[in-house]
Ligand code: NAP
Ligand code: ZN
Ligand code: ZN
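Residue numbers (this note's numbering): 46 to 392.
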């Protein structure tokens with residue numbers, strides 16, 4: 046077994062602390078990856094605090110991982126030592142169900158193996174990217190294009206693909222009006238990516254604080270959701286709404302902002318449910334939908350798209366010793382727009 050250093054939550058709501066644990070030896074199809082950077086996703090916080098009620102402890106969070114291949118298994122074909130690579134939210138899946146065969150492994154019918162807080166075939170807990178190394182089957186590893194910096198690319202492995210995938214799936218493009226609700230880690234990636242796809246983007250944010258940033262990131266409009274006027278003015282205005290909000294909020298008010306046949310896509314995953322009324326859906330034949338990250342093939346496509354359009358995440362780099370403070374700042378909305386842990390700080 047490979048002795049690995051990281052930071053873990055030992056129980057729900059406990060602060061993260063230094064933690065040494067064992068990774069499996071490098072198998073024939075595996076890569077050993079030395080992690081250089083890992084983003085902090087709001088899902089890490091939901092999970093470390095067991096807000097979704099599915100957490101397994103001890104937990105080393107982190108699923109926005111970038112690093113360098115340090116060793117390859119005997120049967121590895123597509124990677125070599127020194128390659129810059131990424132790992133996202135899952136590290137395996139059944140490989141034979143219709144979803145896996147189609148390349149949407151995140152929807153694996155037997156359940157994708159999540160990068161952390163999950164149990165692998167041998168019954169071991171998976172552990173994530175707030176650590177110095179990880180062992181992953183080459184089929185679940187992404188190539189990071191040379192045009193992207195490691196720190197700026199790390200958040201693409203979750204925030205990037207989670208926003209890219211629904212925009213592609215629903216064919217959001219040039220002639221559409223899109224609202225992005227919540228300008229956080231996911232939201233700021235959604236603005237950049239949708240803009241590069243030629244879409245007209247409006248940011249719906251809880252306060253005035255991020256107006257200038259929204260424009261800089263590529264939004265054409267910005268509106269504040271604490272102002273009731275916003276919901277009057279923008280009634281029946283959008284073809285799509287991408288909701289990235291991490292806390293419970295009233296979906297019904299947003300549904301009214303869709304045109305006939307408009308679609309509201311939830312990617313934000315609040316811990317508590319929200320009642321949805323029939324009327325905002327019935328009138329205007331609207332749809333309420335959801336989307337989960339993206340498959341391996343599409344994640345690679347997204348990385349290429351971001352390299353071509355020079356899209357990276359706006360990041361604040363931190364040493365791992367500041368991870369607990371960073372969690373508090375994410376919850377307060379005090380990050381522009383993603384914390385990325387510089388893993389050299391673990392040494
Ligand atoms: P984040 O950086 O904290 O951003 C969330 C944003 O939501 C905040 O910046 C804020 O934007 C807005 N917000 C927060 N509380 C709000 C409230 N009570 N009412 C209205 N708006 C509020 O989080 P993130 O990392 O982008 O993640 C967002 C959510 O997506 C989380 O629930 C996460 O678990 C989930 N997620 C889902 C997937 C998936 O596959 N579906 C993947 C990754 C993450 P403003 O300041 O602009 O109001
Ligand atoms: Zn995530
Ligand atoms: Zn499967």
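C-beta atoms are modelled at their ideal positions from N, C-alpha and C, and glycine is treated no differently.
Nothing here was measured: the structure is a model prediction, and the numbers come from that model.
### Task
Could you name the residues that DSSP lists as bridge partners for residue 209?
In DSSP, residue 209 forms no bridge with anything.
#### Entry: Neighbourhood of residue 135 by C-beta distance below 7 Å, restricted to the same chain and skipping five residues each side
150, 151, 157, 158, 159, 160 and 185
### Query
Can you name, in chain order, every residue of its own chain whose Cβ lies under 6 Å from the Cβ of residue 333, other than the five neighbours on each side?
309
### Query
Got a sec? Which residues, its chain only, sit under 7 Å from residue 80 by beta carbon, not counting five neighbours each side?
110, 112, 174, 176, 177, 178, 179 and 388
### Message
What does the alpha-carbon distance come out to for the pair residue 100 and residue 351?
### Response
32 Å
#### Entry: 8 Å contact criterion, which residue 12 and residue 301 should meet: CB distance rounded
Summary: the structure shown does not reach residue 12, with the chain confined to residues 46 through 392, and so no result is reported for it.
### Message
If I measure Cβ to Cβ from residue 60 and keep anything under 8 Å in the same chain, skipping five residues before and after, which residues do I get?
### Response
54 and 369
### Message
If you reduce the DSSP assignment to three classes, tell me which class residue 47 lands in.
### Response
strand
### Message
Relative to the C-alpha of residue 293, which candidate in 373, 313, 307 and 281 has its C-alpha closest?
### Response
313
### Task
Classify residue 260 as helix, strand or coil using the three-state DSSP reduction.
helix
### Task
Would you check whether ligand 2 has a heavy atom nearer than 8 Å to the C-beta of residue 108?
yes
### Task
Figure out for me which residue from 295, 69, 90 and 366 has the closest Cα to the Cα of residue 320.
295
### Task
My understanding is that residue 97 touches residue 316, with C-beta atoms under 8 Å, so please give their C-beta distance in whole angstroms.
6 Å
### Message
On a Cα-Cα basis, can you pick out the residue from 322, 172, 232 and 190 that is closest to residue 93?
### Response
172
### Query
Is the beta carbon of residue 27 less than 9 Å from the beta carbon of residue 242?
Residue 27 cannot be examined here, being either before or after the span of the chain that is shown, 46 to 392.
### Message
Judging by CA-CA distance, which residue of 206, 392 and 213 is the nearest neighbour of residue 187?
### Response
206
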